[in-house]
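Asks: To start, I am sharing the structure in question, which I have written as structure tokens.
In structure tokens form, the structure reads like this:
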């Protein structure tokens, strides 16, 4: 700008002829100080205030010597006469009038400069400027083609604060204090403080860091850094806190000030060994002069650090006066920040308390479905804790010392779920890959586990993490208790969305949630038990209404009957035709099988009891097309012929043979003529009672046990306790093996061993395969 060949008169003449160019330049390049200087020169200093007039207008009285004051302002000596210091309200009116005068003088009613210059208009002006001398043309071209991103004019509120700063420092300070004292939103408050600090010390940029975390893990966190006084719009923050800048406690100048509580004022930051240029690298902004000061609360505890960067004009240094003004202002900021933090904490506690009440409401709304109640509770927990993943695992047996989970529920955040919505998935214990070791530890000890860095904790199973493909950072796992103070499962949350570890407040909230979770689970388990009891009663009543034990007359009839020999009945042949016998003849044939195998003598079975048992078993078969008494007898005859003709009597024990014969006669007791799939799909009482794919097989066995336990029907009464236990186990295996799914599995394994020549009668599992296949 000081080139000797530069002709400023030509530039001024050109701008006079093209006022729209001059205004376009001011709109893009003008600064606050320019506007303030113009207002000061054209309005404030050249408009004397008549004290007598002002007194008359305000209705106040006072001496002309300047010793008294009015209700609207105070009298002061200014140069050649007595003037009254204007009040804040009058300053605002004066400022508004000056802005209006400035606008009227600057803009013409039909001025084309109301809009920024278009590209076409700028090119036209460039062509005109090309006729000027080279140096002048170069200057104008640089002005017109400037692409520097200059912020828009600040709002009237900020502009007024600049005005107060130069005209009434007392009102200026009070205005800044009042502005922050009424703001309880920590985000907007932090932003205001930065803008005001910029104005107070003429800083180019300011940053505010607040202390977060427990005493042993404190960090300095700032969502706003490098804020300048010309910014008028509060920047939006992303929900994942990607705009946060974190500084470790004691690191860099910011950390040093927070740790020691000292003010740091340095002319060249890069020459100070405490300075860390990481934030400069992050923002791309060059720090030169720097003023950093701690912010304390009412207890004298450091709660934040304010930092002013690069005093304006560029190259200037922060002075002792700057330090003093911040020392006066920052205590008010500390009070405002503490109030905002208390308000935020109380609001958070209110939200959490409301969430717990909503959980209680959920418990009353849903007490019949375990999956639904867990989904509701975990969804609320995930919403408040803001985590990637929630899970609940229930123990298979709460009395067992061995920890084994039987049910697992999982809730994924939308970010982790394959779908856009959160999904609840059930998985078996074998499918559970989310850090089983932590869950088992909590279930066995009953103590919560809160891990901030999973891979640094020896209790964490990193192998399971790698296998699942889900990377775990932080873990919070707590036990679930029932009303009897027994652990029934564990609840677990993984990875806070903001990347921070779960804190004490999160743990307290989650433990409260888990209390309700335990109540809900306990209620649904009790409801399920009541439902099963009802189903059991319903099945028993149905059985009793349909069946009855045999009469004494029938028992006496068969007790005295002459039992034909095996050869007369032909029951030892696989070609036996069961239709050759009627229902009574099948009873006598069954009696002959027991006697022929020597079971009556060996196990001391009472003959009358055997007759009664056989007749009751026959009565407990329904009149269905296939799974009836004749079918049961036919299966028993086939087993008898195999035992007697294939030499299995020498291979199988007498207890095994007795279990096989009884199992054949009882394997379809009380069959309804429908299969297991039908029972499940119709939600019958049987399916609710047993809750397994082999519903009917379990019912057949339980019905057989019920008959044996009926008075006068226990054909095993004279067995030893060891024989009785082995026999009942073999009987259950035999009846449950009639489930076709299990049958075909055992049959394939058996024939595979036989074909390979690897079958061995002496192996227990091979013998079992033979009996069940």
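Numbering (our numbering), first residue to last: 3 to 775.
For every residue, glycine included, the Cβ atom is placed at its ideal position computed from N, Cα and C.
Remember, predicted model here, so these are calculated numbers, not experimental data.
#1: Using the three-state DSSP reduction, which class does residue 313 fall into: helix, strand or coil?
#2: Please identify the residue among 410, 498, 347 and 677 whose C-alpha is closest to the C-alpha of residue 188.
#3: Leaving out the 5 sequence neighbours to the left and right, which residues in its chain are closer than 6 Å to residue 104 when beta-carbon positions are compared?
#4: Is residue 526 helix, strand or coil by DSSP?
#5: Sorted by chain position, which residues of the same chain lie with C-beta nearer than 7 Å to residue 514's C-beta, five sequence neighbours on each side aside?
#6: Pull up the distance between the alpha-carbon of residue 541 and that of residue 697, whole angstroms please.
#7: Bridge partners of residue 496, per DSSP?
#8: Is the segment 380 to 390 close to the segment 484 to 491, with three or more CB pairs under 8 Å?
#9: Could you tell me the alpha carbon to alpha carbon distance between residue 764 and residue 707, rounded to whole angstroms?
#10: So, is residue 272 buried or exposed, given that buried needs 16 or more other C-beta atoms within 10 angstroms?
#11: DSSP three-state label for residue 333, please.
#12: Report the rounded CA-to-CA distance for residue 251 versus residue 505, giving the unit in angstroms.
#13: Nearest by alpha-carbon distance to residue 724: which of 182, 572 and 657 is it?
#14: In this structure, does DSSP put residue 251 in helix, strand or coil?
#15: What whole-angstrom Cβ distance do residue 395 and residue 441 have, given they're in contact under 8 Å?
#16: Shortest alpha-carbon distance to residue 572 belongs to which of 592, 655 and 614?
#17: Once the 5 residues before and after residue 11 are set aside, which same chain residues still bring their CB inside 8 Å of it?
#18: Suppose you measure from the CA of residue 107 to the CA of residue 345; what does that come to, to the nearest Å?
#19: Would residue 641 pass as a contact of residue 616 if the rule is Cβ separation under 8 Å?
#20: Applying the 10 Å Cβ sphere with the 16-neighbour rule, what's the burial state of residue 526?
#21: Would residue 110 be called buried (16 or more neighbouring beta carbons within 10 Å of its own) or exposed?
#22: Quick check on this structure: which residue in 583, 538, 539 and 589 has the alpha carbon closest to the alpha carbon of residue 556?
#23: With DSSP collapsed to three states, give me the class of residue 717.
#24: Identify the continuous alpha helix (DSSP H) that holds residue 569 and give its terminal residues.
#25: May I have the straight-line CA-CA distance separating residue 261 from residue 488, to the nearest angstrom?
#26: Helix or strand or just coil, what does DSSP make of residue 320?
#27: Would you call residue 507 buried or exposed, if buried means 16 or more other Cβ atoms sit within 10 Å of its Cβ?
#28: Taking only the alpha-carbon atoms, compute the straight-line gap between residue 474 and residue 496 and give it to the nearest angstrom.
#29: Report yes if the C-beta distance between residue 212 and residue 195 is below 8 Å; otherwise report no.
#30: Checking 8 Å against the spacing of the C-beta atoms, do residue 311 and residue 336 come in under that value?
#31: Count the other CB atoms within 10 Å of the CB of residue 727; is the residue buried (16 or more) or exposed (fewer)?
#32: One question on the structure: do residue 319 and residue 199 come within less than 8 Å of each other, judged by their Cβ atoms?
#33: Looking only at its chain, what residues have a beta carbon closer than 6 Å to the beta carbon of residue 602, apart from the 5 residues adjacent to it on each side?
#34: Can you confirm whether the segment 667 to 678 touches the segment 621 to 633 when touching is taken to mean that 3 or more C-beta pairs between the two stretches lie within less than 8 Å?
#35: Which residues in the same chain as residue 434 place their Cβ atom closer than 6 Å to its Cβ, once the five residues preceding and following it in sequence are excluded?
#36: In three-state terms, what does DSSP make of residue 206?
Replies: Considering the structure as presented:
#1: As a working mapping, residue 313 is identified with position 311 in the chain shown. Note: residue 313 maps to strand in three-state DSSP.
#2: Taking the first residue of the chain shown as 1, we reach residue 188 at position 186. Closest by alpha carbon: 347.
#3: As a position in the chain shown, residue 104 is number 102, starting the count at 1. Since pLDDT at residue 104 reaches only 46, below the 50 mark, its modelled position is unreliable, and no value is offered.
#4: As a first step, residue 526 must be located in the chain shown, where it is residue number 524. In this structure, residue 526 counts as helix in the three-state DSSP scheme.
#5: For the purposes of this step, residue 514 is taken as residue 512 along the chain shown, with counting starting at 1. Excluding positions up to five away in sequence, the list reads 358.
#6: Mapped onto the chain shown, residue 541 falls at position 539. Mapped onto the chain shown, residue 697 falls at position 695. Cα to Cα, the separation comes out at about 13 Å.
#7: Along the chain shown, one-based indexing puts residue 496 at 494. For residue 496, which the question treats as bridged, DSSP gives the partners 391 and 477.
#8: No, the segment 380 to 390 is not in contact with the segment 484 to 491.
#9: By 1-based counting over the chain shown, the position of residue 764 is 762. By 1-based counting over the chain shown, the position of residue 707 is 705. Between residue 764 and residue 707, the C-alpha separation is close to 30 Å.
#10: For the purposes of this step, residue 272 is taken as the residue at position 270 of the chain shown. So residue 272 ends up on the exposed side.
#11: Translated into positions along the chain shown, residue 333 becomes position 331. Residue 333 falls in the helix class under three-state DSSP.
#12: Locating residue 251 in the chain shown gives position 249, counting from the first residue. Locating residue 505 in the chain shown gives position 503, counting from the first residue. Distance between the alpha carbons of residue 251 and residue 505: 18 Å.
#13: To locate residue 724, count along the chain shown from 1; it is residue 722. Of the listed residues, the one whose Cα sits closest to residue 724 is 657.
#14: Residue mapping note: residue 251 aligns to position 249 of the chain shown, counting from 1. DSSP places residue 251 in coil when its eight states are reduced to three.
#15: Taking the chain shown and counting its residues from 1, one reaches residue 395 at position 393. Taking the chain shown and counting its residues from 1, one reaches residue 441 at position 439. Confirmed, about 5 Å.
#16: To locate residue 572, count along the chain shown from 1; it is residue 570. It is 592.
#17: Within the chain shown, the letter at position 9 stands for residue 11. Nothing meets the Cβ criterion.
#18: Numbered from its first residue, the chain shown carries residue 107 at position 105. Numbered from its first residue, the chain shown carries residue 345 at position 343. Here residue 107 scores only 45 on pLDDT, less than 50, and its place in the model is too uncertain to base an answer on.
#19: Within the chain shown, numbered from 1, the residue matching residue 641 stands at position 639. Within the chain shown, numbered from 1, the residue matching residue 616 stands at position 614. Not a contact, by the Cβ cut-off of 8 Å.
#20: Position 524 of the chain shown holds residue 526. With 16 or more other Cβ atoms within 10 Å, it is buried.
#21: Reading the chain shown from its first residue, position 108 is the one you call residue 110. Because residue 110 carries a pLDDT of 42, less than 50, the predicted location of this residue cannot be relied on, and the following value inherits that uncertainty. Flag for residue 110 reads exposed.
#22: For this step, residue 556 is matched to residue 554 along the chain shown. The closest CA to that of residue 556, considering only 583, 538, 539 and 589, is found on 589.
#23: Indexing the chain shown from 1 puts residue 717 at position 715. Correct three-state label for residue 717: coil.
#24: For the purposes of this step, residue 569 is taken as residue 567 along the chain shown, with counting starting at 1. First-last of the alpha helix (DSSP H) with residue 569: 568 to 571.
#25: As a working mapping, residue 261 is identified with position 259 in the chain shown. As a working mapping, residue 488 is identified with position 486 in the chain shown. Rounded to whole angstroms, residue 261 to residue 488 spans 46 Å at the Cα level.
#26: Mapped onto the chain shown, residue 320 falls at position 318. Reduced to three states, the DSSP call for residue 320 is coil.
#27: Locating residue 507 in the chain shown gives position 505, where the first residue counts as 1. Exposed, by the Cβ-count rule.
#28: Within the chain shown, the letter at position 472 stands for residue 474. Within the chain shown, the letter at position 494 stands for residue 496. Roughly 7 Å between the two C-alpha positions.
#29: Here residue 212 is taken as the residue at index 210 of the chain shown, counted from 1. Here residue 195 is taken as the residue at index 193 of the chain shown, counted from 1. Cβ atoms of residue 212 and residue 195: not closer than 8 Å.
#30: Along the chain shown, one-based indexing puts residue 311 at 309. Along the chain shown, one-based indexing puts residue 336 at 334. Not in contact: residue 311 and residue 336 (Cβ atoms no closer than 8 Å).
#31: By 1-based counting over the chain shown, the position of residue 727 is 725. With fewer than 16 Cβ atoms within 10 Å of its Cβ, residue 727 is classed as exposed.
#32: Along the chain shown, one-based indexing puts residue 319 at 317. Along the chain shown, one-based indexing puts residue 199 at 197. Not in contact: residue 319 and residue 199 (Cβ atoms no closer than 8 Å).
#33: The residue given as residue 602 occupies position 600 in the chain shown. If we look at residue 602 and ignore the five residues flanking it on each side, its Cβ neighbours are 596.
#34: yes
#35: The residue given as residue 434 occupies position 432 in the chain shown. Here residue 434 scores only 42 on pLDDT, less than 50, and its place in the model is too uncertain to base an answer on.
#36: Numbered from 1 along the chain shown, position 204 holds the residue referred to as residue 206. Residue 206 falls in the strand class under three-state DSSP.
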